[in-house]
Every structure is written in structure tokens, then in C-alpha cells.
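Comments concern the structure below.
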Ligand code: PPE
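So this is what it looks like as C-alpha cells:
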């Protein structure tokens, strides 16, 4: 990976190589952490700006709350720390990874006495599924692993331990020669990718699994639903059957790391080149990310020097 100079840890900026934890950190054993994935872009209108910064931090707070963790910093403090980190690291565009986790303290499953530590890292991270993936589309397979169920875990929380599910699906996909996994939910309906939400286009209508399908409530999913509506497309949040993946005219995925990626092959069925609707939405979405859109300019939080007063 491409490293940066500094990482923010519990209120202080430390050298990248010094951002370390004790091996008895609770989260290392039990996955008791929550995190975010955010991107900042070198925008044409606002300089370096963070995409939907407050929504991401708000989701971090809500994920923490679901696991009974109180964040020891306000969202505004985290926002300012992130902006200063980007400036200190001289990054014009980057991926941002805030993490809040149960740290060193008593061992055992009752974590409430363990402090909640917070770190924020930022580094340059290119296209998650490759530049070619974004332009030409990717090959995906339906995973043999089902997405975590709300009966056992909390799909709406972005929690570290829960990602073992995504890790298994991703390893299975790449080992068998695909770029991404599509997970079904516990009822057998289409849910999402290992790190992306999914959209299926049939006969001009865009469908995406809704909140009862164990999805992560993706911020890019929400952005794309709004953009698609503004472009005049009908978007329906509903159960999506597995067969619809291969019967679809177009399929695409969205996520912070991945951005908007067409899926052009699923389980060895070709869907053809990236479709017209996918490309139309992708163009507007990319314009929004890169500050080329007046309409969505309010999604960008410019990285300004925080007040040190
Ligand atoms: N589902 C999952 C399971 C998921 O991890 C992500 C983001 C999404 C949907 C899309 O959410 P959003 O980014 O808010 O649109 N995945 C993050 C982690 C990827 C990683 O490899 O780490 C991300 O894209 O940052």
C-alpha cells in the first residue's frame, strides 16, 4: 500500500510507523471495533474535499452505539482531525479510515470496561476493483457464504468483526477467478457485494435490495438512488431474486472504495458491455465526486485548515 506520513491516534498525530497497538487490544481478539471508509477528492470546484463527510461520521457514531461504545470525541472533532490529517500528509485525494475500537484492558467477552480508542488513517488508494473494472466492468460470482443475518449480528453496523463474512466471500471469489463476490441474504435474496451495494437494471427499471435484506446502508447507494431519480429513472427498493442477476440487462455496484463499478459477468453468464443506464449514472456520480456538479456540490466538505483557537 501507499503509506502516508502521519496517522491520528487518540487526539495526537503520530508517525505512520508508530501507529501501533498492544497485542491484548480487545478488538484484535474479538473484532470489537467499528470503522468507516471515506474518500476525499481533488475537486475542480472546491480543492480537496471529503465526500459526504458528516454522513460517514454519523454512521460511525451509530455503528459504535449499536455495540455499546461511546465515542470519546465529537463528530466535529473527528471531522477537523481528518481535515488536518489530510493537510499534514499533503494528500490531494485519498481514502480515509476512521476506526473506533475496544482497546487494551480486561480480557474476556464483557468489554464495557475497556477504553474506546479512535484512530484515523488516510492514504492514496486507487480504484478498488481496478481502473479497468470501473470502465469495462468486473466478473462476479454468487458466494456460497450468506451475508450475516440480523438474527445473529447487525448488518446495518459497519463493525470490524462482521467483516470476517466479507473476507470469506472475497477469498472464495478471488481464489476461484472472479473479482468480486455477491452475497445472498439469509432468505436467499440478493444482498450485496463483499464491500459494495448492488443494483440490477431490467427493462429500464433499477432495483436494489432494501433495508430488510441485511444490507449495509451505503452512502453511495443513497447518492446513486438520488442521482438515478434526478435523471428520471425509476428506482425500486425491493427483494431481488438470484436469477435476476443473470436475467438483468445491467448490474452495477457502489461503494466508497469501489465507487461505481459495472458488473459485466455473473456466474459465467455474460451481461454484455456496461449498459447505457449504468454509464449515465456513473458519469453524473463521478462528476459529483470530483466537484464538477453544481447540483450535488453540497455533498463535498472542503478540507479547510481547522481553527486552532
Ligand atoms: N456494503 C458493505 C459490506 C461495505 O463494506 C460497503 C463499503 C458498502 C456496502 C458500501 O457502503 P458505502 O461506502 O457507504 O457506499 N465498504 C467499505 C470497505 C471496503 C474495504 O475493503 O475496506 C468501503 O468501500 O470503504
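In my numbering, the protein residues as written are 2 to 310.
Ideal Cβ placement from N, Cα and C applies to all residues, glycine included.
Nearest candidate by alpha-carbon position, reference residue i, set the options
| i | options | result |
| --- | --- | --- |
| residue 196 | 37, 23, 21 | 37 |
| residue 34 | 59, 162, 231 | 162 |
| residue 223 | 209, 152, 213, 214 | 209 |
| residue 115 | 205, 257, 105 | 105 |
| residue 215 | 276, 185, 243 | 185 |
| residue 2 | 51, 128, 85 | 128 |
| residue 143 | 165, 153, 171 | 171 |
| residue 112 | 25, 94, 154 | 25 |
| residue 188 | 95, 168, 213 | 213 |
| residue 218 | 262, 152, 147, 158 | 158 |
| residue 267 | 260, 243, 54, 82 | 243 |
| residue 98 | 156, 54, 91, 108 | 54 |
| residue 70 | 28, 152, 182 | 28 |
| residue 13 | 140, 82, 199, 4 | 82 |
| residue 140 | 147, 130, 169, 287 | 130 |
| residue 151 | 91, 264, 192 | 192 |
| residue 133 | 282, 165, 263 | 263 |
| residue 282 | 292, 241, 231, 245 | 231 |
Residue i, buried or exposed, once every other Cβ within 10 Å from all chains shown has been counted against 16
| i | result |
| --- | --- |
| residue 23 | exposed |
| residue 316 | The shown model of the chain, from 2 to 310, leaves out residue 316, and the question about it has no answer. |
| residue 251 | buried |
| residue 64 | buried |
| residue 269 | exposed |
| residue 42 | buried |
| residue 118 | buried |
| residue 233 | exposed |
| residue 156 | buried |
| residue 198 | buried |
| residue 225 | buried |
| residue 4 | exposed |
| residue 239 | exposed |
Minimum Cβ-Cβ distance from residue i to chain D less than 8 angstroms
| i | result |
| --- | --- |
| residue 242 | Checking the listed chains, one finds no chain D in this structure; it contains a single protein chain. |
Rounded C-alpha distance that separates residue i from residue j
| i | j | result |
| --- | --- | --- |
| residue 296 | residue 227 | 11 angstroms |
| residue 272 | residue 247 | 7 angstroms |
| residue 313 | residue 138 | No information on residue 313 is available, as it lies outside the stretch 2 to 310 that the chain covers here. |
| residue 17 | residue 10 | 10 angstroms |
| residue 294 | residue 175 | 36 angstroms |
| residue 120 | residue 67 | 19 angstroms |
| residue 160 | residue 122 | 17 angstroms |
| residue 57 | residue 178 | 32 angstroms |
| residue 96 | residue 235 | 31 angstroms |
| residue 62 | residue 237 | 28 angstroms |
| residue 48 | residue 304 | 8 angstroms |
| residue 1 | residue 39 | Here the chain has residues from 2 to 310 only, and residue 1 is not among them. |
| residue 19 | residue 167 | 28 angstroms |
| residue 89 | residue 6 | 8 angstroms |
| residue 180 | residue 85 | 35 angstroms |
| residue 284 | residue 274 | 16 angstroms |
| residue 299 | residue 221 | 14 angstroms |
| residue 336 | residue 201 | Past the edges of the chain, shown from 2 to 310, lies residue 336, and the structure says nothing about it. |
| residue 59 | residue 94 | 22 angstroms |
| residue 46 | residue 278 | 26 angstroms |
| residue 302 | residue 289 | 12 angstroms |
| residue 30 | residue 21 | 15 angstroms |
| residue 308 | residue 78 | Model confidence at residue 308 stands at a pLDDT of 46, short of 50, so the residue's coordinates are unreliable; what they give is reported in the following sentence. When rounded, the distance between both Cα atoms is 11 angstroms. |
| residue 101 | residue 154 | 18 angstroms |
| residue 110 | residue 32 | 11 angstroms |
| residue 229 | residue 87 | 31 angstroms |
| residue 72 | residue 164 | 21 angstroms |
| residue 204 | residue 249 | 8 angstroms |
| residue 169 | residue 256 | 19 angstroms |
Where residue i falls: helix, strand or coil (DSSP)
| i | result |
| --- | --- |
| residue 225 | helix |
| residue 84 | helix |
| residue 250 | coil |
| residue 184 | strand |
| residue 16 | strand |
Whole runs of the alpha helix (DSSP H) within the stretch 25–62, excluding any shorter than 4 residues: Fully enclosed alpha helix (DSSP H) runs of 4 or longer: 27–31.
Residue ranges of each alpha helix (DSSP H) within the stretch 229–305, 4 or longer: Counting whole runs of 4 or more residues, the stretch 229–305 contains the alpha helix (DSSP H) stretches 243–248, 277–290.
Segments assigned alpha helix (DSSP H), at least 4 residues, entirely inside the stretch 151–224: Correct list: 164–176.
Secondary structure, beta strand (DSSP E): runs of 3+ residues fully inside the stretch 100–159: 117–124, 139–143, all fully within the stretch 100–159.
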